Amino acid sequence: MKAKWYLFIMILVLGSLLAACGSDSETGASGDSGDSEGETYTVATDNNFVPFEFMNEETGEMEGFDIDLIKAIADEAGFNIEIESMKFDGVVAGMQSGRYDIGIAGMTITEERKETIDFSDPYYDAGLMLAVSADNDEIQSEDDLAGKKVGTRSGTTSETYITENHPDAELVTFPGIVEAYMDLESGRLDAVMYDVPNVQYYVANDAEGLKTAGDILQGEQYGIAFPKDSELVEDVNEALQTLIDNGTYDDIYEEWFGERKYGTESSE
Numbered sequence: 004m005k006a007k008w009y010l011f012i013m014i015l016v017l018g019s020l021l022a023a024c025g026s027d028s029e030t031g032a033s034g035d036s037g038d039s040e041g042e043t044y045t046v047a048t049d050n051n052f053v054p055f056e057f058m059n060e061e062t063g064e065m066e067g068f069d070i071d072l073i074k075a076i077a078d079e080a081g082f083n084i085e086i087e088s089m090k091f092d093g094v095v096a097g098m099q100s101g102r103y104d105i106g107i108a109g110m111t112i113t114e115e116r117k118e119t120i121d122f123s124d125p126y127y128d129a130g131l132m133l134a135v136s137a138d139n140d141e142i143q144s145e146d147d148l149a150g151k152k153v154g155t156r157s158g159t160t161s162e163t164y165i166t167e168n169h170p171d172a173e174l175v176t177f178p179g180i181v182e183a184y185m186d187l188e189s190g191r192l193d194a195v196m197y198d199v200p201n202v203q204y205y206v207a208n209d210a211e212g213l214k215t216a217g218d219i220l221q222g223e224q225y226g227i228a229f230p231k232d233s234e235l236v237e238d239v240n241e242a243l244q245t246l247i248d249n250g251t252y253d254d255i256y257e258e259w260f261g262e263r264k265y266g267t268e269s270s271e
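Under the numbering used here, the first residue of the sequence shown is numbered 4, with each subsequent residue one higher.
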């Protein structure tokens with residue numbers, strides 16, 4: 004009888020130890036994702052949209068204005084993030100399907116997109132701009148695009164703009180905007196239309212023999228994207244406004260664009 008009772012006690016103790024191990028394992032998994040400071044959310048971002056998000060080939064890490072901003076927002080809101088980079092179309096699709104929790108990729112807020120995804124308050128004022136060869140005097144503005152080969156990135160507002168406003172131009176789309184610039188440099192395109200900050204950055208830093216042409220077209224605003232009815236929208240908006248008010252946003256903006264947007268004092 005004593006032997007049976009002893010065996011019963013040992014089984015209970017062993018069961019408790021196994022349960023405790025299982026609990027520790029689960030806690031460890033959460034700990035690996037940073038759950039000690041809050042929930043961890045997956046952020047989808049573009050893999051090549053300089054200077055907003057791009058891969059630093061030396062470090063193997065994503066860098067850019069959007070990357071620094073979403074990290075600061077996460078710190079302010081008290082949650083953790085894991086960043087996954089992909090083509091721009093994948094970011095939009097990932098928001099629509101709910102595969103990712105947050106999307107930040109220089110994404111323009113449009114009424115069409117708002118039908119299937121939610122956006123934060125605007126965080127960047129943008130627009131569209133043309134790039135042409137430095138020796139091209141034929142294209143002075145968008146009024147000169149008739150019959151010209153105009154390149155842009157597929158799935159973007161610039162593609163929509165060209166389609167709707169310049170049906171007499173020959174539209175050529177690319178999976179990445181760098182390919183469009185390269186075709187422009189080699190003479191296979193007459194012009195490239197894309198987001199203002201990217202066009203200006205590329206012409207100033209990476210292009211060989213390119214210039215901008217015409218005025219800024221179609222004023223746009225970028226927003227942080229979420230699946231429909233996400234509970235994160237309010238928290239992110241509050242954190243974004245705090246960063247604007249305390250100067251952190253301006254610190255990040257100045258680092259990437261060389262000026263302070265709101266003129267707030269440094270947060271340091």
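Even glycine gets a Cβ: it sits at the ideal position worked out from N, Cα and C. If you're wondering where the values come from, they're calculated on a predicted model, not measured in any experiment.
CB of residue i within 8 Å of CB of residue j, strictly
i	j	result
Tyr197	Ile219	no
Ala80	Val239	yes
Glu223	Thr48	no
Lys264	Asp254	no
Met132	Val199	yes
Ala183	Val195	yes
Leu246	Ala75	yes
Backbone CA spacing between residue i and residue j [nearest angstrom]
i	j	result
Ile250	Glu262	A quick correction: the sequence has Gly, not Ile, at residue 250. Between Gly250 and Glu262, the C-alpha separation is close to 12 Å.
Gly217	Leu174	18 Å
Phe82	Thr45	11 Å
Phe68	Gln143	30 Å
Gly106	Met185	27 Å
Pro178	Tyr204	19 Å
Ser157	Ala134	17 Å
Pro54	Met65	11 Å
Glu85	Thr159	25 Å
Gly126	Asn208	Gly is not the amino acid found at residue 126; the sequence shown has Tyr there. For Tyr126 and Asn208, the distance between alpha carbons rounds to 24 Å.
Gly63	Met89	14 Å
Thr267	Asp171	45 Å
Glu167	Leu243	33 Å
Asp104	Thr113	19 Å
Glu188	Asp146	21 Å
Ala137	Ala210	10 Å
Ser100	Pro230	7 Å
Glu56	Ile73	11 Å
Where the beta strand (DSSP E) through residue i begins and ends
i	result
Glu223	Leu213 to Tyr225
Glu85	Asn83 to Met89
Tyr164	Taken as a continuous stretch (DSSP letters only), Tyr164 belongs to no beta strand (DSSP E), being part of the alpha helix (DSSP H) at Thr160 to Asn168.
Ile120	Ile120 to Phe122
Opening and closing residue of the alpha helix (DSSP H) in which residue i lies
i	result
Arg116	Glu114 to Lys117
Pro200	Val199 to Asn208
Ala80	Phe68 to Ala80
Asp254	Thr251 to Phe260
Glu188	Ile180 to Glu188
Contact belief for residue i with residue j at Cβ below 8 Å, rounded distance in angstroms
i	j	result
Thr163	Thr176	The pair is not a contact, with the Cβ atoms about 11 Å apart (cut-off 8 Å).
Lys152	Leu213	Rounded, the Cβ-Cβ distance is 15 Å, inconsistent with contact.
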